[in-house]
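J.:
Number of protein chains: 2
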Amino acid sequence: MEEKDFLQSLGYIGFATRLKRISDSFLHDGRKLYKELGLDIEPNWYIIFKILKLEKKLSVTEIAERVQMSHPSVITLTDNMIAAGYVKTRRGRVDGRVRMLELTRKAKIRLPELEKMWDAGEVALETAFRDINGLEVIGEIERRMNHKGFKDRAMHELQKRVNRSTKHKKA
Amino acid sequence: MEEKDFLQSLGYIGFATRLKRISDSFLHDGRKLYKELGLDIEPNWYIIFKILKLEKKLSVTEIAERVQMSHPSVITLTDNMIAAGYVKTRRGRVDGRVRMLELTRKAKIRLPELEKMWDAGEVALETAFRDINGLEVIGEIERRMNHKGFKDRAMHELQKRVNRSTKHKKA
DNA sequence: TACATTTGTGTAGTTAACTACGTAATATGG
DNA sequence: CCATATTACGTAGTTAACTACACAAATGTA
Numbered sequence: 000m001e002e003k004d005f006l007q008s009l010g011y012i013g014f015a016t017r018l019k020r021i022s023d024s025f026l027h028d029g030r031k032l033y034k035e036l037g038l039d040i041e042p043n044w045y046i047i048f049k050i051l052k053l054e055k056k057l058s059v060t061e062i063a064e065r066v067q068m069s070h071p072s073v074i075t076l077t078d079n080m081i082a083a084g085y086v087k088t089r090r091g092r093v094d095g096r097v098r099m100l101e102l103t104r105k106a107k108i109r110l111p112e113l114e115k116m117w118d119a120g121e122v123a124l125e126t127a128f129r130d131i132n133g134l135e136v137i138g139e140i141e142r143r144m145n146h147k148g149f150k151d152r153a154m155h156e157l158q159k160r161v162n163r164s165t166k167h168k169k170a
Numbered sequence: 000m001e002e003k004d005f006l007q008s009l010g011y012i013g014f015a016t017r018l019k020r021i022s023d024s025f026l027h028d029g030r031k032l033y034k035e036l037g038l039d040i041e042p043n044w045y046i047i048f049k050i051l052k053l054e055k056k057l058s059v060t061e062i063a064e065r066v067q068m069s070h071p072s073v074i075t076l077t078d079n080m081i082a083a084g085y086v087k088t089r090r091g092r093v094d095g096r097v098r099m100l101e102l103t104r105k106a107k108i109r110l111p112e113l114e115k116m117w118d119a120g121e122v123a124l125e126t127a128f129r130d131i132n133g134l135e136v137i138g139e140i141e142r143r144m145n146h147k148g149f150k151d152r153a154m155h156e157l158q159k160r161v162n163r164s165t166k167h168k169k170a
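Chains as they are written, first to last, in numbering that gives the first Met the number 0: chain A, 0 to 170; chain B, 0 to 170.
1) Would DSSP call residue 9 of chain A helix, strand or coil?
2) Identify which residue in B:160, B:85 and B:65 has its Cα closest to the Cα of residue 116 of chain A.
3) Quick check on the burial criterion: 16 or more other C-beta atoms within 10 angstroms. Buried or exposed for residue 0 of chain B?
4) For the stretch 41-53 of chain A and the stretch 4-24 of chain B, state whether three or more C-beta atom pairs, one from each stretch, are separated by less than 8 Å.
5) Can you find a CB in chain B that lies within less than 9 Å of the CB of residue 52 of chain A?
6) Against residue 9 of chain B, what residues of chain A qualify as contacts under a CB-to-CB distance less than 7 Å, listed in chain order?
7) Can you check whether the CB of residue 134 of chain B is closer than 9 Å to the CB of residue 14 of chain A?
8) Quick check: residue 102 of chain A and residue 86 of chain A, are their CB atoms within less than 9 Å of each other?
9) What residues from chain B crowd round residue 44 of chain A, counting only those whose CB sits closer than 7 Å?
10) Please check if any C-beta of chain B sits within less than 9 Å of the C-beta of residue 32 of chain A.
11) Just by C-beta distance, which residues in the stretch 106-139 of chain B are closer than 7 Å to chain A?
12) Report yes or no: do the stretch 117-134 of chain A and the stretch 138-157 of chain B share at least 3 C-beta pairs separated by less than 8 Å?
13) By the DSSP assignment, the beta strand (DSSP E) with residue 103 of chain A in it spans what residues?
14) Mind checking whether residue 80 of chain B and residue 44 of chain B have CB atoms under 9 Å apart?
15) In whole angstroms, what separates the C-alpha of residue 132 of chain A from that of residue 98 of chain B?
16) Give me the chain B residues within the contact set of residue 155 of chain A, using Cβ-Cβ distance strictly less than 9 Å, ordered along the chain.
This is how it looks when you write it as structure tokens:
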């Protein structure tokens, strides 16, 4: 019946590819949503908006740590937001190396409108995935893979097989 | 207690970003696994190995359709596999435009070894996510987002709010 | 049968993440 | 207090997906 998708027929081997596909489709749709609403912002800027709304001022590295991204990714994100006038930058006073980031007035003015949209997205997904506990399952996957990554798990499984066949030879 | 991850605190807004992060970490770990095992193959080649093992010969477009990727992605993947000697190519006889792809002898010889490793990965993840039905949940997310995408769901939710406030004004 | 359309492949350019490395500022320790 | 290490940021280059467009071959149609 739904034999359509080859990747689905592969089981967990296709897991990562499928996760990427889903996330790409969200990203793509998010971009279209912003466009359709006439907003000149990009899908992942919400991360910076949200954390700078909460913390007022943060350095590049602080943001990178808090959101678990590499600092170059944070720089790219925020550079674009600076170009669009939503983030401003000031060199650290005590430590001349750090660059502090904060939201501009323009950002704060736009925030209510943006949050209205993010809330709508939030509720839409919460409604869509409530019964399958989407968020909880993803959280659990993160937790487990954080604890022990794919490589270690696969190696462990391979090792078990080697052990089994060694035992067979011994017996 | 586990207040560590800012994205997790955001709910479904961070959903796509987190999915991407998980899939990136799988990809990264997969690459390390192959390296550690001394295999000169790349993480996503399994898709092509698997489908060409099953179907023997397929064109670029046929593969793209079957695995739900864009055809340029298929070309990039298979070009690398051709360079590594795992895939060969022949122009279609009836239709001069199509390029048929199939596994080389080298690929067929390596397949048992590769499948051993893929099986180990499969079992490792099946074991890790059995109790939370990881695969089923992902399948369900795919199915639902395929049926109605994020943009439409969010727009619908936004529209409901507009309607509500209109009604309020009327009342 | 000539012309328009469709189809299959190929190429170029975009995006969003990453690692690796370079550089400048600060901190440390003998 | 100078040399070395560490830290924060910036830049360059990689990866894997995508869309948009170009072009050639095949198909359909008037």
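Yeah, the Cβ is synthetic: ideal placement off N, Cα and C, and Gly gets one too.
T.: Result, derived from the coordinates:
1) For the purposes of this step, residue 9 of chain A is taken as the residue at position 10 of the first sequence. Looking at residue 9 of chain A - three-state DSSP - the assignment turns out to be coil, as it is neither helix nor strand.
2) In the first sequence, counting from the first residue as 1, residue 116 of chain A sits at position 117. Cα-wise, what sits closest to residue 116 of chain A is B:160.
3) Here residue 0 of chain B refers to the residue found at position 1 when the second sequence is read from its first residue. With a pLDDT of only 41 at residue 0 of chain B, under the threshold of 50, the placement of this residue in the model should not be trusted, and no figure is reported.
4) yes
5) For the purposes of this step, residue 52 of chain A is taken as residue 53 along the first sequence, with counting starting at 1. With 9 Å as the cut-off, residue 52 of chain A does not count as an interface residue toward chain B.
6) Stepping through the second sequence from its first residue, residue 9 of chain B is reached at position 10. Near residue 9 of chain B (Cβ distances below 7 Å), the residues of chain A are 49.
7) Working through the first sequence from its first residue, we reach residue 14 of chain A at position 15. Working through the second sequence from its first residue, we reach residue 134 of chain B at position 135. A contact, by the Cβ cut-off of 9 Å.
8) The sequence position of residue 102 of chain A within the first sequence is 103, counting from 1. The sequence position of residue 86 of chain A within the first sequence is 87, counting from 1. For residue 102 of chain A and residue 86 of chain A, yes; Cβs fall inside 9 Å.
9) As a first step, residue 44 of chain A must be located in the first sequence, where it is residue number 45. Simply none; closest approach about 11 Å.
10) On the first sequence, position 33 is the one that residue 32 of chain A refers to. Cβ-Cβ to chain B under 9 Å: yes for residue 32 of chain A.
11) 116, 117, 119, 120, 121, 122, 123, 124, 125, 127, 128, 131, 133, 134, 136, 137, 138 and 139
12) yes
13) Counted from its first residue, the first sequence places residue 103 of chain A at position 104. It is not in any beta strand (DSSP E) - residue 103 of chain A carries neither H nor E in the DSSP assignment.
14) Locating residue 80 of chain B in the second sequence gives position 81, where the first residue counts as 1. Locating residue 44 of chain B in the second sequence gives position 45, where the first residue counts as 1. Yes.
15) For the purposes of this step, residue 132 of chain A is taken as residue 133 along the first sequence, with counting starting at 1. For the purposes of this step, residue 98 of chain B is taken as residue 99 along the second sequence, with counting starting at 1. Spanning the two alpha carbons is a distance of roughly 44 Å.
16) On the first sequence, position 156 is the one that residue 155 of chain A refers to. Simply 119 and 123.
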